[in-house]
Structures are given as C-alpha cells and as structure tokens.
Amino acid sequence: MRAHDVAFATRPSSPTIRIMMQEGQGLVFAPYGDLWRQLRRISVLELLSARRVQSFRHVREEEVARLVADVAATSPGQAVNVSHRIAVLIADSAVRAMIGDRFSKRDEFLVSLEEGLKLVSGFNLSDLFPSSKLVNFFTGTARRAHANHRKNFELMDCAIKQHEEQRAMAAANGIQKDGGLDVPLTMGIIKALILDLFSAGSETSATTLQWAMAELMRNPEVMKKAQAELRGTLNGKPKVTEDDLAQMKYMKLIIKETLRLHPAAPLLLPREARESCKVLGYDVPKGTTVLVNAWAIGRDPRYWDDPEDFKPERFECGTIDFKGLDFEFIPFGAGRRICPGMVFAQSNIELALAALLYHFDWELTDGLKPSDLDMTEDVGLTVRKKSDLLLHPIIRVPL
1 MRAHDVAFAT RPSSPTIRIM MQEGQGLVFA PYGDLWRQLR RISVLELLSA
51 RRVQSFRHVR EEEVARLVAD VAATSPGQAV NVSHRIAVLI ADSAVRAMIG
101 DRFSKRDEFL VSLEEGLKLV SGFNLSDLFP SSKLVNFFTG TARRAHANHR
151 KNFELMDCAI KQHEEQRAMA AANGIQKDGG LDVPLTMGII KALILDLFSA
201 GSETSATTLQ WAMAELMRNP EVMKKAQAEL RGTLNGKPKV TEDDLAQMKY
251 MKLIIKETLR LHPAAPLLLP REARESCKVL GYDVPKGTTV LVNAWAIGRD
301 PRYWDDPEDF KPERFECGTI DFKGLDFEFI PFGAGRRICP GMVFAQSNIE
351 LALAALLYHF DWELTDGLKP SDLDMTEDVG LTVRKKSDLL LHPIIRVPL
C-alpha cells in the first residue's frame, strides 16, 4: 500500500460478486480504472467530504437524540439490545444523509445486508469451483447470491422511488446532465453505488460502536474515566452536541483503541495484483488475490506494548492516527483504496458513543462480571460481536 499501491489497486472478481453486481458495479468492488475514479469522486463530492459530512450534523444529532429517548423509555429492569439499537441508529443516520429521510424498508435492508455480507465473505466452495454444477447444487451459493441481488436492487428501487427528487438521485442525475463523465452512469451502476454507500455507511460504524461499548463494559475503569470527562465538561447540559466533541480527548482515544483491537473489516477488502511484482523478496504474479491482515497488524507486539489489552492511553502521544500514513494502524486501509468514508464514520461514532456514556450508566445482565462478558467474534467480511450486547441502562442525565 506504500511501495506497490498502484500494482495492488484493483479488486478481484469472484463468481459470487459478479452475480451480485451483474447490473452494475459499485464503488467497493469496481476494478481500478475510470469507473472507480468516477464513483469515488461522486461519493466524496456528494456525501463523504468534510464539508458534506458537516452539513449532515442535524441528522446525526436528531437520530442520536431519538436513540437516547428510546433507551430512556425502557422499563426499569428491562435489558436493552444495544447491538440492535446501534444498528438502527447508524442505518437511519446514513440513509437520511443520502436520501433525505429514513428508509421505509430499513429493517428489510439490514437483514438483506447481513445475508449479502455472508455471501461475499470468507471461504466459498462455489468461488473455488465455479464450473462445478455439483458444488453449486449442494452449496446453493449461486442461487442465494441471485436472490440477494434481486432483493437488494428491489430495495434500492424503493429507496429511489421514495425520494427520487432528493439528494441521492439529484446528485447522480445532476452529474449526468452536467456532463464530464468518463463512463456513463447506468441505472444499475447508480443502484450499486447507493447500495455500497448504504451498506458501508451502516455496517462498519455500527460494528465499531458495538465493540466500543463491549470493551467499556469489560473495562469499567475506562468507562468511568470517559464518563467523568463527559459529565465534568458538559456540566449538566441536556444533551451532547457536535460542538462538544472536540473537548472529549479521552473518548477519542477509546475509539482509536477500539479500531486497533477490532477493525470492522479485519482483512480489509481483498486486492488483486494488476501486474507481476516483487514484495519483500517474494514474487507476486499478476492476478494474485492479496489480503492485508489489519487485525494482526493492530495486535503485533513489535509495534504495540501489551497488544491484547484495552489501553486507550497508548494513543495519548497523538502521533499515530488511522488516516493511512501509519502502517501499524490501518483499520480503514491505506493508499488509493483507503476507505473514503472515514470522516463520515468518525462523526457518527463519536456523537453516538458520547451520548450513550453521558446520559446513562450501564450494567451487565444476569449478574455477569465484566470478565465474564462474551467477546467472541463472528466470522465475515466485517467482524461483529457474535452475540448481541444486552445491557441495563440507568439514567444519569435526562434528555
């Protein structure tokens, strides 16, 4: 990603991915070239630049306030499924930023997203033996990929029809009418792009927030320190706003430490060698699929003291960041294929985490001790906590 970035700037295309992208390629899996550059430019200009992210501030603050109100309305003694609440919050925030309102089929989208991630993740016999009818018959992967593709594109049709004159379509259509496109944007490409932005904007931020809350429950002294910072700084204000976040130095360290231990996509996204080259003395032929293990890099004892421990203080020096220049810490990747949504994700994560810690104390269910909390990871392109995080909220600062 530093010395050979261009050589590894494209994506491999498996049979399953080709099925799911058959009407048009989105930003995530588009091969390196004119289409990818065009989609990235559109995404940044219309959604992911710092200026555009700031323009969605009211969306984030409204959705976080709704989350706090919903949690506060929970009956005393009743557990809250924090994992589900976070997924809904992030999905609604991302979709509102893109199409101007909550998606009427949000719950269907979250289910379809989970199925799609399973299909493109990990070991897949149908991708290894694509010509084998027997393998395809027994695994059912192709059949499920076709069904997921149809479902996803039906959902994107609904999103477009629900707000066809608002931001998502206005942006794409406006660019088409203005000209200057290297590759014409078909409706299939537009749907694939919106689906990528919906998916990436929802899944990675929600996964990181869930892990942050889980690590704080496992490390109550860290949670108390973060809550003391928030409550001492805000001094009884009715709610957290984005203006307050610059003062939350320790909370930002918690987010960095969460990303170190739990990068949302632990192997990032696969890359493919566009040309033969030599890396660290090894010959890498053209067409080789390459995986970068960000999870292992973040736990490498050559770079990190006590790498398995959750210690936000390790980032107090302020010299290491996740913007792709410090290669011992690359939760968003690096180089040309670095995640363009870093600022978008960071804004969603910071405000939501601050509100959850400011307004509530949290207790584990069934008398669990912090050390007993199940931290087992799921398997997939993104790695969630395998079991949902169930907690009892205790209101400390009413909204």
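The opening position of the sequence shown corresponds to residue 1 in the UniProt record's numbering, with each subsequent residue numbered one higher. Glycine residues also receive a C-beta, built at the ideal position from the N, C-alpha and C atoms. On a predicted model such as this, the values are computed, not experimentally measured, just so you know.
Supposed contact pair residue j and residue i - C-beta distance, whole angstroms, cut 8 Å
{"i": "leucine 399", "j": "histidine 359", "result": "6 Å"}
{"i": "residue 404", "j": "leucine 155", "result": "The shown model of the chain, from 1 to 399, leaves out residue 404, and the question about it has no answer."}
{"i": "alanine 264", "j": "threonine 204", "result": "4 Å"}
{"i": "alanine 145", "j": "isoleucine 19", "result": "4 Å"}
{"i": "leucine 67", "j": "arginine 85", "result": "6 Å"}
{"i": "valine 290", "j": "phenylalanine 8", "result": "6 Å"}
{"i": "serine 43", "j": "leucine 197", "result": "6 Å"}
{"i": "glutamate 242", "j": "arginine 57", "result": "5 Å"}
{"i": "glutamate 46", "j": "arginine 40", "result": "Glutamate 46 to arginine 40, Cβ: 11 Å. No contact."}
{"i": "methionine 251", "j": "glutamate 229", "result": "7 Å"}
Beta-carbon spacing of residue i, residue j below 8 Å
{"i": "glycine 201", "j": "alanine 94", "result": "yes"}
{"i": "leucine 193", "j": "leucine 381", "result": "no"}
{"i": "arginine 60", "j": "arginine 271", "result": "no"}
{"i": "phenylalanine 332", "j": "glycine 324", "result": "yes"}
{"i": "isoleucine 17", "j": "valine 183", "result": "no"}
{"i": "threonine 74", "j": "proline 301", "result": "no"}
{"i": "leucine 268", "j": "valine 292", "result": "yes"}
{"i": "isoleucine 189", "j": "glutamine 25", "result": "yes"}
{"i": "leucine 128", "j": "threonine 139", "result": "no"}
Sequence-distant residues of its chain with Cβ nearer than 8 Å to residue i (five each side left out)
{"i": "leucine 48", "result": "Pro340, Gly341, Val343 and Phe344"}
{"i": "aspartate 157", "result": "Lys191"}
{"i": "isoleucine 349", "result": "Ser205, Thr208, Leu209, Ala212 and Ile255"}
{"i": "glycine 116", "result": "Met20, Asn148, Asn152 and Ser199"}
Minimum C-alpha distance to residue i - residue among the options
{"i": "valine 71", "options": "Leu89, Val379, Val59 and Tyr303", "result": "Leu89"}
{"i": "residue 407", "options": "Gly367, Ala9 and Ser43", "result": "A query on residue 407 cannot be resolved here, the shown segment of the chain reaching from 1 to 399 and no further."}
{"i": "phenylalanine 310", "options": "Cys317, Ile255, Glu328 and Ala265", "result": "Ile255"}
{"i": "leucine 312", "options": "Glu62, Lys249, Ser276 and Ile394", "result": "Rather than leucine, the amino acid found at residue 312 in this sequence is proline. Residue Lys249 is the option with its Cα nearest to proline 312."}
{"i": "tryptophan 362", "options": "Asp34, Leu39 and Lys224", "result": "Lys224"}
{"i": "lysine 161", "options": "Ser132, Ile99 and Asp182", "result": "Ile99"}
{"i": "asparagine 152", "options": "Asn136, Leu128, Val111 and Thr141", "result": "Val111"}
{"i": "aspartate 5", "options": "Gly335, Asp388, Ile349 and Ser371", "result": "Gly335"}
{"i": "glutamate 389", "options": "Thr376, Arg396, Val397 and Ile395", "result": "Residue 389 is actually leucine in this sequence, not glutamate. With distances taken between Cα atoms, leucine 389 lies closest to Thr376."}
{"i": "threonine 141", "options": "Arg41, Ser14, Arg231 and Leu39", "result": "Ser14"}
{"i": "arginine 384", "options": "Ser75, His149 and Lys118", "result": "Lys118"}
{"i": "lysine 286", "options": "Ala296, Ala273 and Val292", "result": "Ala273"}
{"i": "arginine 102", "options": "Glu62, His262, Val279 and Gln25", "result": "Glu62"}
{"i": "aspartate 378", "options": "Ser104, Pro266 and Leu45", "result": "Pro266"}
{"i": "serine 55", "options": "Tyr32, Tyr303, Gly236 and Ala97", "result": "Ala97"}
{"i": "glutamate 257", "options": "Glu275, Ser104 and Asp305", "result": "Asp305"}
{"i": "threonine 365", "options": "Leu195, Lys105 and Val82", "result": "Val82"}
Contacting residues, own chain, Cβ-Cβ under 6 Å from residue i (five flanking each side not counted)
{"i": "tryptophan 36", "result": "Ala30"}
{"i": "valine 64", "result": "Leu351, Ala352 and Ala355"}
{"i": "arginine 218", "result": "Pro370 and Leu373"}
{"i": "residue 412", "result": "No answer is possible for residue 412: the residues shown for the chain start at 1 and end at 399."}
{"i": "glutamine 227", "result": "Leu357"}
{"i": "serine 199", "result": "Leu113"}
{"i": "methionine 1", "result": "Ala334 and Gly335"}
{"i": "proline 307", "result": "Arg299 and Pro301"}
{"i": "tyrosine 32", "result": "Ala9 and Thr10"}
Contacting residues, own chain, Cβ-Cβ under 7 Å from residue i (five flanking each side not counted)
{"i": "glutamate 165", "result": "At glutamate 165 the pLDDT is 49, less than 50, meaning the model places this residue with poor confidence; the figure from the coordinates comes in the next sentence. No residues qualify anywhere along the chain."}
{"i": "residue 402", "result": "Residue coverage of the chain in this structure runs from 1 to 399, which leaves residue 402 outside it and unanswerable."}
{"i": "phenylalanine 329", "result": "Arg260, Gly298, Ile320 and Phe322"}
{"i": "alanine 69", "result": "Leu399"}
{"i": "histidine 149", "result": "Ile19, Met20 and Gln22"}
{"i": "proline 130", "result": "Pro15"}
{"i": "aspartate 34", "result": "Asp182 and Val183"}
{"i": "valine 279", "result": "His4"}
{"i": "leucine 195", "result": "Gly26, Asn152 and Met156"}
Closer than 7 Å: residue i CB and nearest the ligand PLP heavy atom
{"i": "arginine 231", "result": "Absent from the structure shown: the ligand PLP. Ligands present: none."}
Contact with chain B by residue i, beta-carbon distance below 8 Å
{"i": "glycine 236", "result": "Among the protein chains of the structure shown there is no chain B, as only one such chain exists."}
Check your understanding: Taking only runs of the beta strand (DSSP E) that begin and end inside the segment 282-355, which ones reach a length of at least 3 residues, in chain order?
Key -> Counting whole runs of 3 or more residues, the segment 282-355 contains the beta strand (DSSP E) stretches 282-284.
Review point. Quick one: complete alpha helix (DSSP H) runs, 4+ long, within the segment 86-161?
Key: Segments of the alpha helix (DSSP H) lying fully in the segment 86-161: 106-119, 125-128 and 133-139.
**Study point:** Runs of alpha helix (DSSP H) wholly within the segment 234-285 (minimum 4 residues, chain order)
**Key:** Fully enclosed alpha helix (DSSP H) runs of 4 or longer: 249-261.
Point to revise | 3-residue-minimum beta strand (DSSP E) runs that sit fully inside the segment 177-219, ordered along the chain | key: Those beta strand (DSSP E) runs which fall completely within the segment 177-219 and span 3+ residues do not exist here.
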